[in-house]
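All letters in the sequence shown, in the order written, are residues 118 to 183 by my numbering.
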Amino acid sequence: MAEQEYSKEQIPNEDSDSSLNEEVASQNQTNSELASELDGLLDEIDSVLETNAEEFVKSYVQKGGQ
């Protein structure tokens, strides 16, 4: 028995386009928020390392670099 593949062409409509655009916009906003939070965290780590660099290195060496 021969197998047949049926492909149904999807015709984009305005509803799916607008919902897709909303989803992409929402995802972009979420990505921007996460990037902003990450930048803030990295800045905080950087400032701690600047003020406590010697202590950080000693602690790191005492732990065997782990």
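Ideal Cβ positions, reconstructed from N, Cα and C, are used throughout, including at glycine.
Taking just the CA atoms, how far does residue j sit from residue i?
i    : j    : result
V165 : S135 : 45 Å
N145 : E139 : 10 Å
L158 : L137 : 31 Å
N169 : T147 : 33 Å
E150 : E161 : 17 Å
S176 : D163 : 17 Å
S133 : S143 : 15 Å
E171 : V178 : 11 Å
S153 : F173 : 26 Å
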